[in-house]
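In my numbering, the protein residues as written are 678 to 953.
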């Protein structure tokens, strides 16, 4: 049993050495036609790293020839398939600059935008790549109005917009959870303004009301009345904008609570004045 396992290890290692020797032979070859044939074979076998090395070596030999477009096209895709999306985006851009009238131009233009989309990071990180991907997908749609890829481009724009909304919502909720209620109210207001087509507008507005209410409740006595009045203004705005919302009853309760607080404040002021 041990002998058979050892034999298998030697067999695999030997195969790797042979494969390495073969690829080195191709890389060191001075025959561009042979090298291009092997590069295409490696590409077809999804061995993109060695294929990319070969294509790069062949640029000088084939630049300006009829084969250069196909070579450049596959070279760019090598980096895409290796998940080196920033390099892929640059290469797709370069392809469009060199071959602007190519029959592949629409596809490559889309892949350039898609490579930016693939760079979109986790929600907690900076979303500049996500914003850039949205802009590029919209540019693609505008540039290719009849493209079959526009439906997918629009889906990616919507998905990216939702991601940006979720990131901003997380920030607003964090301020609320930390007790930064005025900042939270402003953050939720910005969220509504930045994403006017959101389906969560009434939920965000509820958080605006709740945040301002908690902010008023924690304020010094001399500022409480004006801040509870702000809550009432926000509630009235909510009822005007979302009359059918499932949150309507809860929101209106904050108006009643604010009115009661204002009434209590005025009664206390009256008592204080009477004592004077």
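Even for Gly, the Cβ is constructed at its ideal location relative to N, Cα and C. Everything numeric in this text was worked out from a predicted model, so none of it was measured.
For residue i, the first and last residue of its enclosing alpha helix (DSSP H)
i           : result
residue 827 : 827 to 854
residue 708 : Counting along the chain, residue 708 falls outside any alpha helix (DSSP H), and DSSP gives it neither H nor E.
residue 922 : Element bounds for residue 922: n/a, residue is neither H nor E.
residue 859 : 858 to 871
CB-CB length for residue i against residue j, believed under 8 Å
i           : j           : result
residue 908 : residue 935 : 4 Å
residue 759 : residue 726 : 6 Å
residue 837 : residue 783 : Residue 837 to residue 783, Cβ: 21 Å. No contact.
residue 862 : residue 892 : 7 Å
Residue i vs residue j beta-carbon contact at 8 Å
i           : j           : result
residue 795 : residue 749 : no
residue 889 : residue 904 : yes
residue 799 : residue 766 : no
residue 732 : residue 757 : no
residue 845 : residue 871 : yes
residue 886 : residue 866 : no
residue 787 : residue 826 : yes
residue 868 : residue 881 : yes
residue 841 : residue 804 : yes
residue 719 : residue 728 : yes
residue 849 : residue 830 : no
residue 744 : residue 768 : no
residue 704 : residue 716 : no
residue 924 : residue 895 : no
residue 806 : residue 791 : no
residue 746 : residue 797 : no
residue 817 : residue 878 : no
residue 939 : residue 906 : yes
residue 785 : residue 773 : yes
For residue i, three-class secondary structure by DSSP
i           : result
residue 937 : helix
residue 779 : coil
residue 823 : coil
residue 805 : helix
residue 897 : coil
residue 742 : coil
residue 946 : helix
residue 797 : coil
residue 693 : For residue 693, the predicted model reports a pLDDT of 39, less than 50, meaning its position is unreliable and no value from the coordinates is stated.
residue 680 : Because residue 680 carries a pLDDT of 42, less than 50, the predicted location of this residue cannot be relied on, and the following value inherits that uncertainty. Helix.
residue 926 : helix
residue 686 : Because the pLDDT of residue 686 is 37, which lies under 50, any placement of that residue in the model is unreliable, and the question is left without a value.
residue 733 : helix
residue 874 : coil
residue 760 : coil
residue 932 : helix
residue 907 : helix
residue 723 : coil
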